[in-house]
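Note that our numbering numbers the sequence shown so that position 72 is 240, with each residue one more than the last. Encoded as structure tokens, the structure appears first; notes follow it.
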Amino acid sequence: MQTLIYSLSLFFERASYYGFRAILILYMIGETLNMDRSEAFSIYGTLAGSLIISKVIGAIFGDLVTGNKTATVIGGILQALGVFSLCIPTSLGLYIGLFLIVLGNGFYTPNILSLFGKNYLNSIKLLDSGFTLYYLVVNLAATSGILLIGYVGDKLGFNYGFILAGIFMLLSTILILFSKTARDVTYDDTTISNDIKIIKIIAVVILLTLFWGIYDLSSSHTYTLQTQLSDFSTALFHEDILNYLNPIFIFVIGVIICILWLYVYISQSFKLMLGFIFGALSFLILFSIPEIPAQEHLLVYSLSIGLFSIAELCIAPILYSVLTQYSNPKYLAIVISLATVPTYSVILLMGATKDYFYDNPKTAIILSISVMAILSILLLIYILFIRQLIVVKKHD
Numbered sequence: 169m170q171t172l173i174y175s176l177s178l179f180f181e182r183a184s185y186y187g188f189r190a191i192l193i194l195y196m197i198g199e200t201l202n203m204d205r206s207e208a209f210s211i212y213g214t215l216a217g218s219l220i221i222s223k224v225i226g227a228i229f230g231d232l233v234t235g236n237k238t239a240t241v242i243g244g245i246l247q248a249l250g251v252f253s254l255c256i257p258t259s260l261g262l263y264i265g266l267f268l269i270v271l272g273n274g275f276y277t278p279n280i281l282s283l284f285g286k287n288y289l290n291s292i293k294l295l296d297s298g299f300t301l302y303y304l305v306v307n308l309a310a311t312s313g314i315l316l317i318g319y320v321g322d323k324l325g326f327n328y329g330f331i332l333a334g335i336f337m338l339l340s341t342i343l344i345l346f347s348k349t350a351r352d353v354t355y356d357d358t359t360i361s362n363d364i365k366i367i368k369i370i371a372v373v374i375l376l377t378l379f380w381g382i383y384d385l386s387s388s389h390t391y392t393l394q395t396q397l398s399d400f401s402t403a404l405f406h407e408d409i410l411n412y413l414n415p416i417f418i419f420v421i422g423v424i425i426c427i428l429w430l431y432v433y434i435s436q437s438f439k440l441m442l443g444f445i446f447g448a449l450s451f452l453i454l455f456s457i458p459e460i461p462a463q464e465h466l467l468v469y470s471l472s473i474g475l476f477s478i479a480e481l482c483i484a485p486i487l488y489s490v491l492t493q494y495s496n497p498k499y500l501a502i503v504i505s506l507a508t509v510p511t512y513s514v515i516l517l518m519g520a521t522k523d524y525f526y527d528n529p530k531t532a533i534i535l536s537i538s539v540m541a542i543l544s545i546l547l548l549i550y551i552l553f554i555r556q557l558i559v560v561k562k563h564d
């Protein structure tokens, strides 16, 4: 029951957040505020960058001051007020709204993740499946929010889009009020030393940073190919389907993987290795598509996106699962928020190299293949040799 409540809350929050973002730039440069495009994109970039700090602040409050549930509710209310404030047709309304959204998102996101993870700590075998479900919900919500709120904002006006986003946020918050906090979290693997746990957490942070850094690095080339291939869209590969290939694959494959992890035990390190192998294969296939693609490359492109979706599902949810499993539950929100700092920082810093990799797309893909392949080999070495040494040491 708690999983259902948290999942629905996450769904409405992510739909609200990605939905309002889908129309924010258009709202800023539209007739109401009439901002310059460069100013609007600068504000949008500041919004994304500020979330790094706000999530750390929100996590500290949740773990050390208010409790995760209270912090999540506070975050939901602040986010709802922020989105509603965007309806005020002035620059002041915009800045107040974005400030409240950033602060609210900082309180909501790490604390709902902490609540979600703690819900599984007494059933640790379900943790990987649980976070795969979380990942499915987030992706489905983001796509739904962009489509629905974007449509309402386009057809009825921006204010109606913001109001809908605010209502979604209120629904998300109300659901949390009906949740029950997992008070008796008993999972603590005493067979693993604190040093090993810290090493695992650091490894997760590194892998998260590398994976999402690669994703961002290759995104411009992927988007360029998608735009070019949309000219050859057919009944099977319509332009709208091409735009949402990744969410479609994530949902379809994710349901299968979510069920698979429930009934089949595979070590987390093996799942991660599979993810990076699929990622390397995905980029290898992408590399085979020429810079000026033809219609026959539609299927090749779709295969590449499908393989990368499998990689996502074997990497991102599992990394959060490992992070939850080996962190102290009392400080889980703080650990989660701090773990995302290097990822966001690297992505923001990589913005300076976007032009270079846009002009040299093959270089970005070669780099992505290399990193994915190296990580696969390192994980294989860990599975075959290092993990066995740890097991022997525990028995000694």
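Just so it is clear, CB atoms sit at the ideal spot from N, CA and C, and this is done for glycine as well.
Asked	Found
As assigned by DSSP and simplified to three states, the class of proline 415	helix
Cβ-Cβ separation, serine 450 to phenylalanine 476 (assumed contact under 8 Å), whole Å	4 Å
Whole-number beta carbon distance between proline 485 and tyrosine 303, since they are thought to touch under 8 Å	4 Å
Threonine 258, DSSP secondary structure in three states	coil
Rounded straight-line distance, which links the Cα of alanine 183 to that of valine 305	10 Å
Simplified DSSP state of threonine 200, which is helix, strand or coil	coil
Buried versus exposed call for valine 423 [16 or more other C-beta atoms within 10 Å across all chains shown]	exposed
At least 3 beta-carbon pairs within less than 8 Å: the stretch 524 to 543 vs the stretch 381 to 388	yes
The stretch 503 to 518 / the stretch 361 to 376 touching (three or more Cβ pairs under 8 Å)	yes
Sequence-distant residues of the same chain with beta carbon closer than 6 Å to lysine 365, five excluded per side	Tyr494
Exposed unless 16 or more other CB atoms sit within 10 angstroms - verdict on threonine 341	buried
Whole-number beta carbon distance between phenylalanine 330 and valine 251, since they are thought to touch under 8 Å	5 Å
Cβ contact check for the stretch 452 to 472 and the stretch 320 to 335: 3 or more pairs under 8 Å	no
Distance between leucine 281 and methionine 196 (C-alpha atoms, nearest Å)	31 Å
CB of leucine 201 within 9 Å of CB of leucine 262, strictly	yes
Leucine 249 to alanine 541 span [Cα, whole Å]	46 Å
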